[in-house]
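Undergrad:
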Amino acid sequence: MNAIFLGPPGAGKGTHASRAAASLGVPYIGTGDMLRGAIAGGTRVGLEAKAYIDAGDLVPDGIVIGIARERLGMPDCAGGFILDGFPRTIEQAWALAGFGRIDRVISVELDDEALIERIAGRRVCGGCGGIHNVETLGGRDECPVCSTPLARRGDDEPDVVRHRLEAYHRETAPLRDYYMGLGVIKSVRSDRPVPEVSADILAALAE
Ligand code: AP5
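If you read the sequence shown in our numbering, its first letter stands for residue 2, the second for the next number, and so on.
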């Protein structure tokens, strides 16, 4: 299964793409995580990407297409993969068509108001990479899985989130029509408990 998770910031793509990848036994590939890793590692890609991510802008296509192409060419992707956050522009989708077959696109959907609230409560673990929310942490500020202190993402500040949302509606939302035309997209609403949404996504991937 080669799948893409598409959707606005905070809709739950990372949460559900990583759960689906674990269930299916295929690698989870998040371009946001890869870019943040590159920034933390001080690589050339990280240095180029940092200003765009901090501002809530999309990183230029040439950079992101390069890292996606390289990652999908690795041997562990031969049996399938789940992509989170790539492609995000029509140019990226066209490029991907040249180096990755796509069986299914999951469009994770949530209203703007609700996703702004979710992002405000998001806490991430720098240890295991887990994604959490103050709603379910019961006041804890350490990761419930590995006990590493949790943090907010630098690009989760309200003015940056607004900018990311504008970029989504302008650049990424049109991809739904593109994949609709290819007959591979399924929409799943994310305004329900995580296990319920995950079950619907696994069913949509199995169709
Ligand atoms: P990226 O890291 O991909 O961020 P994003 O797409 O903006 O999405 P988020 O990670 O904010 O949200 P999500 O949908 O994964 O939600 P999550 O599961 O965390 O990209 C960051 C930046 O990198 C971009 O702005 C851009 O600059 C750059 N970039 C990356 N890819 C690029 C590309 N292809 N091209 C160009 N630039 C690129 O969930 C959110 C919260 O909700 C969490 O707290 C979670 O616990 C909670 N939650 C999830 N589901 C539920 C539920 N069902 N009920 C209650 N709470 C829930």
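By construction, the Cβ of each residue, glycine as well, lies at the ideal position given by its N, Cα and C atoms.
1. Within 10 Å of its beta-carbon, does Cys129 have 16 or more other beta-carbons around it, so buried, or fewer, so exposed?
2. Report the option in Ala18, Ile132, Val162, Val65 whose CA atom is closest to the CA atom of Gly57.
3. Among Asp77, Gly122, Lys187, Ala69, which one has its Cα closest to the Cα of Ala98?
4. State the DSSP-derived secondary structure class of Leu59, mapped to helix, strand or coil.
5. Which residue or residues does DSSP assign as beta-bridge partners of Leu138?
6. Contact between the segment 89 to 98 and the segment 42 to 57 is defined here as three or more beta-carbon pairs at a separation below 8 Å; is this criterion met?
7. In angstroms with no decimal places, state the Cα-to-Cα distance between Pro66 and Phe82.
8. Take Leu166 and list the residues in its own chain whose beta-carbon comes closer than 7 Å to its own, dropping the five residues that flank it on each side.
9. Less than 8 Å between the CB atoms is what I'm expecting for Val106 and Val185, so what's the real figure, rounded?
10. Look at the Cβ atom of Arg102, then the Cβ atom of Asn3, and state whether they are nearer than 8 Å.
11. When DSSP builds the beta bridges, which residues end up paired with His133?
12. Spell out the partners DSSP gives Gly31 in its beta bridges.
13. For Leu166, report the span of its beta strand (DSSP E) as first-last.
14. Find out if the Cβ-Cβ distance for the pair Gly131, Val109 is shorter than 8 Å.
15. My understanding is that Ser24 touches Leu203, with C-beta atoms under 8 Å, so please give their C-beta distance in whole angstroms.
16. So which of Gly86, Arg45, Ala21, Asp55 has the shortest CA-CA distance to Gly33?
17. In whole angstroms, what separates the C-alpha of Gly74 from that of Ile5?
18. Between the Cα of Asp273 and the Cα atoms of Gly140, Ala79, Thr173, Gly122, which residue gives the shortest distance?
TA: Considering the structure as presented:
1. exposed
2. Val162
3. Ala69
4. coil
5. Answer is none; Leu138 lacks a bridge partner.
6. no
7. In the sequence on display, residue 66 carries Ile and not Pro. Going by the C-alpha atoms only, they are around 16 Å apart.
8. Pro9, Pro10, Asp113
9. 5 Å
10. yes
11. Arg124
12. Asp85
13. It is not in any beta strand (DSSP E) - Leu166 instead sits in the alpha helix (DSSP H) that spans 159 to 168.
14. no
15. 6 Å
16. Gly86
17. 16 Å
18. The displayed coordinates of the chain run from 2 to 208. Any statement about residue 273 would go beyond what the structure contains.
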